[in-house]
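To start, the structure itself, in structure tokens.
Numbering (this note's numbering), first residue to last: 11 to 202.
Here is the structure:
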């Protein structure tokens, strides 16, 4: 696993052994090709961060800072190793909390994010429940984008709260769904 582009292009990332399923380089590259310029200057929230590969790729491509949420000790150790190897500790905050508790904590602090990655373990219904909680959390800025990586067997809604699905792509067993703020997507449709 490596950083694909930007400041840290080609740098290897440590991986977690066992049950954690990191986003493959191929899928990560596809995600960032779709996001394009939206990454530069973004404030990133990475839920179920695992090794941190998605947030670290975003930081390499010009995101301002990131909050990574992960509760598994083995993943946190690897995540810390990756942060230290890239010298990014000053731009990253790591929360060791269950995702729903982290959403409440960040909302209470008045935080807002412009780019959110959501990559929960497959087969537990966590993508849908987290997407719904995120949509109602107040954490999404007016131009926010949400990238939900989930099993292709798990259907996500076209709309939830203030979020609307803009596109979805399948890569093997992985489905990647891109959401934007409903108002912005409606404006784009009307102007385009």
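Ideal Cβ placement from N, Cα and C applies to all residues, glycine included.
Every value quoted in this text rests on a predicted model; they were computed, and no experiment measured them.
- Counting only runs of 4+ residues, the alpha helix (DSSP H) found wholly inside the segment 65-145 occupies 83-96, 109-118 and 136-145, in chain order.
- Apart from the 5 residues on each side of it in sequence, residue 38 sits with its Cβ closer than 7 Å to the Cβ of 14, 63, 64 and 67 in its chain, given in chain order.
- In the structure shown, residue 46 adopts helical secondary structure according to DSSP, grouped into three states.
- For residue 168, there is no enclosing beta strand (DSSP E), as DSSP marks it with neither H nor E.
- Residue 49 and residue 158 have their alpha carbons spaced roughly 15 Å apart.
- In summary, residue 129 is buried, with 16 or more beta-carbon neighbours lying within 10 Å of its beta-carbon over all protein chains present.
- The Cβ atoms of residue 160 and residue 137 lie closer than 9 Å to each other.
- Boundaries of the beta strand (DSSP E) harbouring residue 159: 150-161, taken from the DSSP string.
- Residue 103 is classed as exposed because its beta carbon has fewer than 16 other beta carbons within 10 Å across all chains shown.
- Looking at the backbone, the Cα of residue 22 and that of residue 85 are separated by about 16 Å.
- Here residue 148 has 117 as same chain residues with Cβ atoms under 7 Å from its own Cβ, once five neighbours each way along the sequence are excluded.
- Shown here, residue 35 sits in a helix according to DSSP, grouped into three states.
- In the DSSP secondary-structure assignment, residue 188 is bridged to 157 and 177.
- In the DSSP assignment, residue 183 falls outside any beta strand (DSSP E) and carries neither an H nor an E.
- With contacts defined as CB atoms closer than 9 Å, residue 73 and residue 125 qualify as a contacting pair.
- By the C-beta density criterion, residue 139 is exposed, having fewer than 16 other C-beta atoms within 10 angstroms.
- Under DSSP, residue 22 takes part in a beta bridge, and its partners are 12.
- Between residue 164 and residue 175, the gap from beta carbon to beta carbon reaches 9 Å or more.
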